[in-house]
Amino acid sequence: MKKILSLLVLLAVFTSCEEDVKFNTPAVQGLKDNDLWKATEFTATVGTDNSLTIQATNGFETLILKTSRTNARAYALGVNELDKASYSVAVDDLGLDYQTGTDLGSGEIKITAQDTDLTAGYITGTFHFRAVSDDGDEVFFQNGVFYKVPIAGVAQ
C-alpha cells in the first residue's frame with residue numbers, strides 16, 4: 126500500500142509540473158555589436174509608393190528599416206537612399222545616429238514570402254547591416270529578424 130501511495134504522489138508531482146512557454150510573435154530583434162537587441166514596440170507602414178518602413182524601439186534606442194517596395198526579395202543597403210537602415214540612441218541629452226545610404230554602410234533587408242501576408246496586415250523578414258555615424262563610428266546588426274510585424278496602414 127505504501128508503494129502505491131508513493132507512486133501516486135510521485136506521479137502527481139511530475140504531472141503537475143508545467144512549462145511557461147512564451148512565444149515571441151510578433152518580434153523585431155537582432156544582435157547589435159554581438160549583444161541581443163530586442164524591440165518592445167514596433168510597427169510597419171506602407172507608403173503610397175508601396176515602400177515599407179519598419180520602426181522598432183526598446184525605449185531609448187530606435188531602429189528604422191526602409192525598403193523601396195514590399196515585394197518579397199533582398200534589398201541591398203549602402204547603395205541608395207530608398208533602401209536603408211538607421212539606428213539611433215538617446216543618451217542623456219545627446220543623440221547618437223547611425224545610418225546606411227548611398228556609399229554609406231552596407232547590409233541587406235530581406236522580406237520573405239513565408240509568414241508575410243500584406244492583405245492580412247503583417248510582414249516578415251531578416252536584416253543585417255553596418256551603419257555609420259557622422260563621426261565615422263560604426264554599429265553592426267547581425268542575425269536580425271522582423272517576424273509578423275503588424276502593418277499599421279498606409280503612410281501619406
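Be aware that the sequence shown starts at 126, since it is given in the numbering used here, and climbs by one per residue.
Cβ coordinates follow ideal geometry from the N, Cα and C atoms, glycine included.
Q.
Tell me which residue opens and which closes the beta strand (DSSP E) that ASN172 is part of.
A. The residue labelled residue 172 in the question sits at position 47 within the sequence shown. Note that residue 172 is Gly in the sequence shown, not Asn. Where GLY172 is concerned, the enclosing beta strand (DSSP E) stretches over 166-172.
Q: Quick one: which unbroken beta strand (DSSP E) runs of 3-plus residues sit fully inside the stretch 182-229? Chain order, please.
A: 186-192, 199-202, 209-216 and 219-224
Q: Using beta-carbon positions only, say whether ASP222 and SER213 come within less than 8 Å of one another.
A: On the sequence shown, position 97 is the one that residue 222 refers to. On the sequence shown, position 88 is the one that residue 213 refers to. A contact, by the Cβ cut-off of 8 Å.
(Q) Whether or not the stretch 229-244 and the stretch 255-271 are in contact is what I'm after, with contact meaning three or more pairs of Cβ atoms, one per stretch, closer than 8 Å; do they touch? (A) yes
Q: Pull up the distance between the alpha-carbon of ALA245 and that of THR165, whole angstroms please.
A: The count along the sequence shown starts at 1 and reaches residue 245 at position 120. The count along the sequence shown starts at 1 and reaches residue 165 at position 40. Each residue's alpha carbon lies about 22 Å from the other.
Q) How close, in whole Å, do the beta carbons of THR225 and LYS209 come, if the pair is a contact with beta carbons under 8 Å? A) Residue numbering aside, residue 225 sits at position 100 when the sequence shown is read from its first letter. Residue numbering aside, residue 209 sits at position 84 when the sequence shown is read from its first letter. Indeed they touch by this definition, with Cβ atoms about 5 Å apart.
Q) Closest by CA to VAL204, which one among VAL216, ALA197, LYS191 and ALA215? A) Start at 1 with the first residue of the sequence shown, and residue 204 comes out as number 79. The shortest Cα separation from VAL204 among VAL216, ALA197, LYS191 and ALA215 belongs to LYS191.
Q: Measure the Cβ-Cβ separation of ALA169 and ALA277 and say whether it is below 8 Å.
A: For this step, residue 169 is matched to residue 44 along the sequence shown. For this step, residue 277 is matched to residue 152 along the sequence shown. Yes, the Cβ-Cβ distance between ALA169 and ALA277 is below 8 Å.
Q: From the DSSP output, in three-state form, read off LEU161 for me.
A: Along the sequence shown, one-based indexing puts residue 161 at 36. LEU161: strand per DSSP, three-state reduction.
Q. Among all the DSSP beta bridges, which residues are the ones paired with PRO275?
A. One-based indexing of the sequence shown puts residue 275 at position 150. Per DSSP, TYR247.
Q) Which two residues bound the contiguous beta strand (DSSP E) that contains SER231? A) Indexing the sequence shown from 1 puts residue 231 at position 106. 231-236 is the extent of the beta strand (DSSP E) around SER231.
(Q) Please identify the residue among TYR247, TRP162 and ASN268 whose C-alpha is closest to the C-alpha of THR187. (A) Locating residue 187 in the sequence shown gives position 62, counting from the first residue. The shortest C-alpha separation from THR187 is found at TRP162.
(Q) Going by DSSP in three states, THR241 sits in which element: helix, strand or coil? (A) Your numbering for residue 241 matches position 116 in the sequence shown. In this structure, THR241 counts as coil in the three-state DSSP scheme.
Q: Count the other CB atoms, across all protein chains shown, that sit within 10 Å of the CB of PHE185; report buried if there are 16 or more and exposed otherwise.
A: As a working mapping, residue 185 is identified with position 60 in the sequence shown. So PHE185 ends up on the exposed side.
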